[in-house]
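Participant:
Number of protein chains: 2
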Amino acid sequence: MVSGTEKADAVERDEVHGATNGFASATDGLCKTNDSLCNGVSPFVSLKNKINNRVQSKDPWFSLEFFPPRTEKGAANLIGRLDRMRDGNPLFIDITWHPAGDPGGDKITSSTKIAGTILNYCGIDTMLHMTCCNQTRETIMKNLEKTKSLGIRSILALRGDPTGDEWEMNENGLNYSSDLVELIRQEYEDYFSICVAGYPKGHPDCSSYKDDLVNLKKKVDAGADFIITQLFFQAEEFLKFQSDCRKIGIQCPIIPGIFPIQTNRSLVQLTKLSKLEVPEDVQKIIEPIKDNDAAIRNFGIDYATDMCRELLNSGEVLGFHMYTLNLETATISILENLGLWQQKISRPLPWKISGNHERQANEQVRPIFWGTRPKSYIHRTQDWDEFPNGRWGDSANPAFGDLKDYHLFYLRSRTPKEKLRQQWGEKLESESDVWKVFSQFLSGDKNEKGIQIKETPWNDDGIAKETDTMKDFLTKYNALGILTINSQPNINAVSSTHPVFGWGDEGGYLFQKAYLEFFIKREYAEALKKILPKYEPRVNYHMINREGNEDYTNADRQTPNAVTWGIFAGKEIIQPTVVDPVSFICWKDEAFGLWIEKWAKLYEPETKSRAVIENICNQYYLVNLVDNDFPKDSILWTVLDEMLKTAGVKF
Amino acid sequence: MVSGTEKADAVERDEVHGATNGFASATDGLCKTNDSLCNGVSPFVSLKNKINNRVQSKDPWFSLEFFPPRTEKGAANLIGRLDRMRDGNPLFIDITWHPAGDPGGDKITSSTKIAGTILNYCGIDTMLHMTCCNQTRETIMKNLEKTKSLGIRSILALRGDPTGDEWEMNENGLNYSSDLVELIRQEYEDYFSICVAGYPKGHPDCSSYKDDLVNLKKKVDAGADFIITQLFFQAEEFLKFQSDCRKIGIQCPIIPGIFPIQTNRSLVQLTKLSKLEVPEDVQKIIEPIKDNDAAIRNFGIDYATDMCRELLNSGEVLGFHMYTLNLETATISILENLGLWQQKISRPLPWKISGNHERQANEQVRPIFWGTRPKSYIHRTQDWDEFPNGRWGDSANPAFGDLKDYHLFYLRSRTPKEKLRQQWGEKLESESDVWKVFSQFLSGDKNEKGIQIKETPWNDDGIAKETDTMKDFLTKYNALGILTINSQPNINAVSSTHPVFGWGDEGGYLFQKAYLEFFIKREYAEALKKILPKYEPRVNYHMINREGNEDYTNADRQTPNAVTWGIFAGKEIIQPTVVDPVSFICWKDEAFGLWIEKWAKLYEPETKSRAVIENICNQYYLVNLVDNDFPKDSILWTVLDEMLKTAGVKF
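These protein sequence lines are chains P and E, in that order.
Going letter by letter, the first sequence gives residues 227 to 877 in this note's numbering.
Going letter by letter, the second sequence gives residues 227 to 877 in this note's numbering.
(1) So which residues of chain P does W791(E) contact, with C-beta pairs closer than 7 angstroms?
(2) Taking DSSP's pairing of strands, which residues face Y632(P) in a bridge?
(3) Using a cut-off of 7 angstroms between C-beta atoms, extract the partners of N279(E) located in chain P.
(4) Could you pull the start and end residues of the alpha helix (DSSP H) that W287(P) belongs to?
(5) Starting from Y494(P), trace the alpha helix (DSSP H) in both directions and tell me its first and last residue.
(6) Mind checking if V271(E) is an interface residue toward chain P, Cβ cutoff 8 angstroms exclusive?
(7) Grab the span of the alpha helix (DSSP H) containing G526(P) for me, first residue to last.
(8) Report, in whole angstroms, the separation of the C-beta atoms of F744(P) and I711(P), which I expect to be a contact under 8 angstroms.
(9) Are the Cβ atoms of V852(E) and M769(E) separated by less than 8 angstroms?
(10) List, in order along the chain, the chain P residues whose C-beta lies closer than 9 angstroms to that of R733(E)?
(11) Roughly how many angstroms lie between the CA atoms of G306(P) and Y347(P), to the nearest whole one?
(12) Where does H547(P) land, buried or exposed, given buried means 16+ other C-beta within 10 angstroms?
(13) Quick one: what does DSSP say P802(P) is sitting in, helix, strand or coil?
(14) Excluding the 5 residues preceding and the 5 following T695(P) in the sequence, name in chain order all residues of the same chain whose CB lies nearer than 8 angstroms to its CB.
(15) With 16 as the cutoff for other CB atoms within 10 Å, does F877(P) come out buried or exposed?
(16) Give me the chain E residues within the contact set of N787(P), using Cβ-Cβ distance strictly less than 7 angstroms, ordered along the chain.
(17) Taking K473(E) as the reference, which of K443(E), N766(E) and K284(E) has the closest Cα?
(18) With W661(P) as the anchor, note down where its alpha helix (DSSP H) starts and where it stops.
(19) Measure the C-alpha to C-alpha separation of W661(E) and K675(E) and round it to an integer number of angstroms.
(20) If I follow the unbroken beta strand (DSSP E) through M869(E), where does it start and stop?
(21) Can you check which of these residues, E463(E), W323(E), Y425(E) and M395(E), is closest to L382(E) by C-alpha distance?
(22) Is T335(E) near G327(E), with beta carbons less than 8 angstroms apart?
(23) Could you say which of F667(P), I679(P), H429(P) and D686(P) lies nearest to Y636(P) if we only look at CA atoms?
(24) Just reading off the alpha helix (DSSP H) that H583(P) is part of, what are its end residues?
(25) Thinking C-alpha only, which one of A520(E), G688(E), S656(E) and D313(E) is nearest T641(E)?
(26) In whole angstroms, give me the CA-to-CA distance for G485(P) and L457(P).
(27) Tell me whether R307(P) sits in a helix, a strand or coil according to DSSP, three-state version.
(28) Considering only C-alpha positions, which residue in the set L502(E), T455(E) and E462(E) is nearest to P479(E)?
(29) CB E776(E) to CB Y549(E), shorter than 8 angstroms?
(30) Could you tell me how far apart the beta carbons of P426(E) and F452(E) are, in whole angstroms, since I believe they sit closer than 8 angstroms?
(31) What does D507(P) touch in chain E if you count any residue whose Cβ is under 7 angstroms from its own?
(32) Anyone know if the C-beta pair for I679(E) and F667(E) falls short of 8 angstroms?
(33) What does a CB cutoff of less than 6 angstroms around K645(E) pick up in its chain, not counting 5 residues either side in sequence?
(34) Once you ignore the five residues that flank N771(P) on each side, which residues in its own chain have a CB closer than 7 angstroms to its CB?
(35) Take every Cβ of the stretch 522-531 of chain E, pair it with every Cβ of the stretch 482-496 of chain E, and state whether three or more of those distances are shorter than 8 angstroms.
(36) Give the list of continuous alpha helix (DSSP H) stretches no shorter than 4 residues that lie fully inside the stretch 430-480 of chain E.
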């Protein structure tokens, strides 16, 4: 998928808010291991082992730290950001603990909720910070249970910041992060990978650097698997720290926390909280440009790049933990400079797999319908314990959850209504105005207002790359009122490393049957019904109206049709995408619903524009077509031509 | 598979023995329906519906009646005969009830046992006769339960013959076949398809033709699904009978029982039992040639062919029930004359599916290893309630049953030991004598004694057709001591109607990975181990010795490799054959065991010949190789060449 909004556009500049627990306390670093994000369908690989594998394979990597946004809009933007940043292949995402923001709660802005959403809906392995001071053991246990129930299996265990100015011992509670580490190990054994923070300059509350090292050793001995360091300004600081750790017997991976200087304001705030001093030479450079954000950011990028390069060259560092401040530009630039930003992801399956370990181990097939709305699919199947596995038809299909709310923060478009109206029409006079929107979305041509249409209600992430290969056909047919919302070309024994179609292990062969899904008006549907028998059994079809009282198919109503499959060395056939007739009935409601929820509601009730969309929703048919004869050129265009001719359309 | 022994050779001429219940009582005819034998993996289609479907589609068919042989050897021969006759595509096999032969028992010659074996091991739908007179209700229920437990779902309900000369009423038991029909319907509802016998000339014990028709109506009203008639000699006899049946309201299919006159002796015996008179014109023809079996058989073929043709032409008959007398020549000739003997079977899967409805509904994948020994596979998995389904690795593999007895009557070669020694060597001096046997088996060349080698211990049914395409390669390598026991060529998108490779629905595409399985001596195995890493990951291998203490593979030990799969319209991928590493360990014992059980034991203990075979069994390795790159020419020959070179063999 090519995302429509790649720029650091609408991100909410939450900046570093009050209690930056995660932030002020996360940090120390070296790294290890060999399992890139999201690439083991199963079996589950713990974060501890992923890092250790990288150490073994000497394959460099990075992770990204974010804090929970303060608003629902900020949360939606963060999810959008992570959908994009996922493409760079971070080993994991790290979400800080925000005590003031109900961190263990169910608010959209709760730390736990945000971390769970990233894991489950963005499909990236996710670590959650957690603090222990000023909390009862019961609260901590509740938070741990919640974390577990969301599928999160990595925790950065922190003490947390004092409520007053000074930290005070709590005789009945947990006082140190080592207490929290101990509690987690005691209650959950190896279920969680546990990270602790290291301080290259010593913890600000600690009497001495040496005492702090002893303290860190204690945390590791309590069961921590790896260390992330607080930010620092000189490579040698980290290297000395790491070497000192090794000397007192700390053997686990230590990962340097990298802070890209992005604005003077955030730098000042950060160093104040962390009680670190900015080196003189840095201060000297920043002072004259401190009001020029762009200049500071560029300096920050260069500075961090140099430091990271020095660390890499030392041979003592393989991975970097990036304090992103919820921004992407500086972080991506540094990682690009270092060659760590890997735009080419190896996809284990043609659809984005979830980061949730249970889902990874169980889920191997999805219906093609939600291909452009994967988050909705995950949402509607979130309660499933078992997934149709290999053979979809065999499992008694668990029921799809209702999609009651089309506006869940991780489902909704991040484009404001005003901008959507600019794309889809300020005022719609007729159905053909709508046809034009579909056609222009595909062609990339600007509309009358000079606006390029970058999304439709059915395509969260813009146009998929493979759609490009059919762009001219699709543009033409959409202009004629065949409103396509999903499609794939047929492919025959394409390499599994193909830049557009590739997924799965190297050396495999991939296949697809041509697929088209579209809305058409009743007259077209009648014509289609007339001509389809000529194409049996080559073409399978399913057509249905909104009510479901018109429902035609030539397929077995229980049997899925595999439309994407791969053949690999030493494996069974993998068939990750099917046209499943049972799910189609369910998808139908969502697909028709999007007309109303996402489009009609952009306009006031009783307006012509709204009536045009509502009429389409009520009158049109949703149709899917599969050309089973995958080695031959797709016959679906011929079918459409004949349908149009039969309907008396001249084209 | 091409069977080695196609002639009506060793069949035991059991002839018509004493109580020919099934025979003397089976008969009347018209027919109906549309589901050919063995072609629905699932769902289950009852025999009643198969026949009705044929009536609907006006597609002619035939069924074959056999009686249980009296000896174990006879039973083995009958199974061999049915393996061959299955190729003609009978709608079902019908096994008579032999009261004197412990018909409901577990003897190899018991009617129930024979019927169950044909159903489960030959993969043909099977009907069993059952009588009710002179038996307690308990015995009858026991027989019905046994029948059900074997998977048989069709019963021909008969009264049975009297114990004395005259039939006597039994006040406490079941006296008429209508009683038995009623009992079955009452206890099993629609579980069984029920057939009853019709008598075109009236039952010999019945007072009049008319009374007998009323009696037949009673049987149908009690719940019978169709009727098979007693033999008759004139087409009009049957047509009149059928018309009379219709007149009194018998609406179910009536199938004519066809008796090919084969010898004068059997004709006399039969007519005596059935109290039928042979028409004068037949008698006149037979009298002068009555001692010339061949002449009588030829007459019988012509006579039955003419009669059947007349029935077909009447438009009132679609199916024929053939009284084979356990012989095949005459029956096949008649069916060939009528165009009903269909040599080209449509195979639902590449391996012969079982006739057992539960197995049909459950079983979709088999390991390739038993491809040449399907009956052994069925035997060793007969207790499985669930079969690895689609995805082999997912089910906790049920355990394979032990193969304690290599000489089960349906598993063993029907060739006498003496003839096997003539093929495989009266006296073996060295391993290369054994190599020659393998090579000559494949080439078809005769051995020194002028004998053609038609079987090996690992190939029940001779050489598979697809092996032909690799014959030259295989002959060459076997002569060099690479003793192949299983193989398949790679195929890439071959049509599902291909004469050699075809299976499954029309219009599908079939694929195979090249596969080779062979025994080699230790020196070869060492060389192979050395060179195989060069071919990774393209080639998967598994090599193991008899003890299992040497066991090498580059495949995941839990993951099967799909080596045969098919893509069809509107379906999921079908992958019926896999190289399953778990089953291979189990197959290994059987494959090595065959050296001893089937070959070494042909020779006296302490002989050189026996020692040669035992030594091979103890020293050789069993190897399988898969070339995963199915679109390219098989690389396995290259691997073998390099192995031979590395082992210093000049060739």
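Even glycine gets a Cβ: it sits at the ideal position worked out from N, Cα and C.
Everything numeric in this text was worked out from a predicted model, so none of it was measured.
Facilitator: So, to answer that:
(1) One-based indexing of the second sequence puts residue 791(E) at position 565. The contacting residues are I799.
(2) On the first sequence, residue 632(P) is found 406 positions in, with the first residue counted as 1. Within the DSSP secondary-structure output, Y632(P) pairs in no beta bridge.
(3) The count along the second sequence starts at 1 and reaches residue 279(E) at position 53. Near N279(E) there are no residues of chain P at all, since even the closest Cβ is about 18 angstroms away, more than 7 angstroms.
(4) Indexing the first sequence from 1 puts residue 287(P) at position 61. W287(P): not part of any alpha helix (DSSP H); member of the beta strand (DSSP E) spanning W287 to F292, first to last residue.
(5) The sequence position of residue 494(P) within the first sequence is 268, counting from 1. The sequence shown places Val at residue 494(P), rather than the Tyr named in the question. The continuous alpha helix (DSSP H) containing V494(P) extends over residues N490 to S500.
(6) The sequence position of residue 271(E) within the second sequence is 45, counting from 1. Chain P contact via Cβ: absent.
(7) If you number the first sequence from 1, residue 526(P) lands on position 300. Taken as a continuous stretch (DSSP letters only), the alpha helix (DSSP H) holding G526(P) covers D519 to N539.
(8) Sequence index remark: in the first sequence, residue 744(P) carries index 518 (1-based). Sequence index remark: in the first sequence, residue 711(P) carries index 485 (1-based). Taking C-beta atoms under 8 angstroms as the contact rule, F744(P) and I711(P) qualify, at a distance of about 6 angstroms.
(9) Residue mapping note: residue 852(E) aligns to position 626 of the second sequence, counting from 1. Residue mapping note: residue 769(E) aligns to position 543 of the second sequence, counting from 1. Result no, Cβ atoms of V852(E) and M769(E) do not sit closer than 8 angstroms.
(10) Counted from its first residue, the second sequence places residue 733(E) at position 507. Residue 733(E) is actually Gly in this sequence, not Arg. Near G733(E) (Cβ distances below 9 angstroms), the residues of chain P are P763, R764, N854 and D855.
(11) Along the first sequence, read from residue 1 onward, the residue named residue 306(P) stands at position 80. Along the first sequence, read from residue 1 onward, the residue named residue 347(P) stands at position 121. Their Cα atoms are separated by approximately 11 angstroms.
(12) Within the first sequence, residue 547(P) is the residue found at index 321, counting from 1. Residue burial annotation: H547(P) is buried, with at least 16 other C-beta atoms found within 10 angstroms of its C-beta.
(13) Counting from 1 along the first sequence, the entry for residue 802(P) is found at position 576. For P802(P), the secondary structure class from DSSP, reduced to helix, strand or coil, is strand.
(14) The residue you call residue 695(P) lines up with position 469 of the first sequence. Cβ within range, chain order: P715 and V726.
(15) To locate residue 877(P), count along the first sequence from 1; it is residue 651. Around the CB of F877(P), fewer than 16 other CB atoms lie within 10 Å, so the residue is classed as exposed.
(16) For this step, residue 787(P) is matched to residue 561 along the first sequence. Going along chain E in sequence order, the residues near N787(P) (Cβ under 7 angstroms) are G796 and K797.
(17) Numbered from its first residue, the second sequence carries residue 473(E) at position 247. Measuring from the Cα of K473(E), the nearest candidate turns out to be K443(E).
(18) Walking along the first sequence from the start, residue 661(P) turns up at place 435. E657 to S669 is the extent of the alpha helix (DSSP H) around W661(P).
(19) Mapped onto the second sequence, residue 661(E) falls at position 435. Mapped onto the second sequence, residue 675(E) falls at position 449. So the alpha carbons of these two residues sit roughly 16 angstroms apart.
(20) Along the second sequence, read from residue 1 onward, the residue named residue 869(E) stands at position 643. Element bounds for M869(E): not the beta strand (DSSP E) but the alpha helix (DSSP H), L862 to T872.
(21) In the second sequence, the residue the question calls residue 382(E) occupies position 156. Comparing Cα positions, the closest option is W323(E).
(22) If you number the second sequence from 1, residue 335(E) lands on position 109. If you number the second sequence from 1, residue 327(E) lands on position 101. Here T335(E) is near G327(E), since their CB atoms are less than 8 angstroms apart.
(23) Translated into positions along the first sequence, residue 636(P) becomes position 410. Per the C-alpha coordinates, the member of F667(P), I679(P), H429(P) and D686(P) positioned closest to Y636(P) is D686(P).
(24) As a first step, residue 583(P) is located in the first sequence; it is residue number 357 there, counting from the start. Bounds of the alpha helix (DSSP H) holding H583(P) are H583 to N588.
(25) Numbered from 1 along the second sequence, position 415 holds the residue referred to as residue 641(E). Comparing alpha-carbon positions, the option among A520(E), G688(E), S656(E) and D313(E) lying closest to T641(E) turns out to be G688(E).
(26) Position 259 of the first sequence, counting from 1, holds the residue named residue 485(P). Position 231 of the first sequence, counting from 1, holds the residue named residue 457(P). Sequence inspection shows Phe at residue 485(P); the Gly mentioned does not correspond to that position. The alpha-carbon atoms of F485(P) and L457(P) are separated by roughly 6 angstroms.
(27) For this step, residue 307(P) is matched to residue 81 along the first sequence. When secondary structure is reduced to three states using DSSP, R307(P) falls in the helix class.
(28) As a working mapping, residue 479(E) is identified with position 253 in the second sequence. Among L502(E), T455(E) and E462(E), the Cα nearest to that of P479(E) is on T455(E).
(29) Here residue 776(E) refers to the residue found at position 550 when the second sequence is read from its first residue. Here residue 549(E) refers to the residue found at position 323 when the second sequence is read from its first residue. No, the Cβ-Cβ distance between E776(E) and Y549(E) is not below 8 angstroms.
(30) The residue labelled residue 426(E) in the question sits at position 200 within the second sequence. The residue labelled residue 452(E) in the question sits at position 226 within the second sequence. P426(E) to F452(E), Cβ: 16 angstroms. No contact.
(31) Against the first sequence, residue 507(P) aligns to sequence position 281. Neighbours of D507(P) on chain E: none; closest Cβ ~52 angstroms, over 7 angstroms.
(32) As a position in the second sequence, residue 679(E) is number 453, starting the count at 1. As a position in the second sequence, residue 667(E) is number 441, starting the count at 1. Going by C-beta atoms, I679(E) is nearer than 8 angstroms to F667(E).
(33) Locating residue 645(E) in the second sequence gives position 419, where the first residue counts as 1. Cβ neighbours of K645(E) beyond the five flanking positions: none.
(34) Against the first sequence, residue 771(P) aligns to sequence position 545. Closer than 7 angstroms at Cβ, skipping near neighbours: Y847.
(35) The stretch 522-531 of chain E is in contact with the stretch 482-496 of chain E.
(36) Given a length threshold of 4 residues, each whole run of the alpha helix (DSSP H) inside the stretch 430-480 of chain E is given here in chain order: 435-447 and 461-473.
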